[in-house]
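Data first, discussion second: the structure below is written as structure tokens.
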Amino acid sequence: MNKANLIKSIARRTGATECQSKKMLEAFIKTLEEELDEGNGIILQGIGTFSPWYQSKRLGRNPRTGTTCEIAPRTSVKFKPGKLLLQWLNRK
């Protein structure tokens, strides 16, 4: 499912317009972005946790030339699924 389909699904399920649903989704994404940027995680009870993941600088190797180089530190996002989400996915 892409973003446009998600917006349509939210609109259909909530009775909101697609424009309102788009604003809600964009507000959620912006809030997630701001919190992660500040080093905070977001916990959605039962769904999962988004948290920043810090990777220190490290030595890497260029596979083509074999030379080593330093890889800059970076921040990524880690998602840990919640129990409820895992139950939904694994129900039989």
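For the sequence shown, the numbering used here gives the first residue as 1163, with consecutive numbering after it. Note that CB positions come from ideal geometry on N, CA and C, so glycine has one too.
How long is the line joining the alpha carbons of residue i and residue j, rounded to whole angstroms?
i, j, result
"arginine 1174", "isoleucine 1191", "20 Å"
"glutamine 1207", "glutamate 1196", "19 Å"
"glycine 1201", "alanine 1189", "18 Å"
"lysine 1242", "leucine 1248", "10 Å"
"methionine 1163", "serine 1183", "15 Å"
"lysine 1170", "lysine 1185", "12 Å"
"leucine 1251", "glycine 1177", "26 Å"
"leucine 1246", "isoleucine 1172", "20 Å"
"threonine 1179", "glycine 1228", "55 Å"
"arginine 1226", "cysteine 1181", "48 Å"
Output yes or no for whether 9 Å exceeds the beta carbon distance between residue i and residue j.
i, j, result
"leucine 1187", "leucine 1168", "yes"
"glutamate 1244", "isoleucine 1209", "It is glycine, not glutamate, that sits at residue 1244 in the sequence shown. Yes; because the gap between Cβ atoms is below 9 Å, this pair is in contact."
"proline 1235", "serine 1213", "no"
"arginine 1220", "isoleucine 1233", "yes"
Excluding sequence positions up to five away, which residues of its chain have a Cβ less than 7 Å from the Cβ of residue i?
i, result
"cysteine 1231", "Gly1222 and Asn1224"
"leucine 1198", "Phe1212, Pro1214 and Val1239"
Within a Cβ cutoff of 8 Å, which residues of the same chain sit near residue i, ignoring the five residues on either side of it in sequence?
i, result
"tryptophan 1215", "Thr1237, Ser1238, Val1239 and Lys1240"
Strictly by DSSP, which residues pair up with residue i?
i, result
"tryptophan 1261", "In the structure as shown, the chain starts at 1163 and stops at 1254, and residue 1261 therefore has no counterpart that could be examined."
"arginine 1220", "Ile1233"
"proline 1243", "Gly1210"
What are the start and end residues of each continuous beta strand (DSSP E) run of 3 or more residues lying completely inside the region 1170-1210, in chain order?
The region 1170-1210 contains these whole beta strand (DSSP E) runs: 1204-1206.
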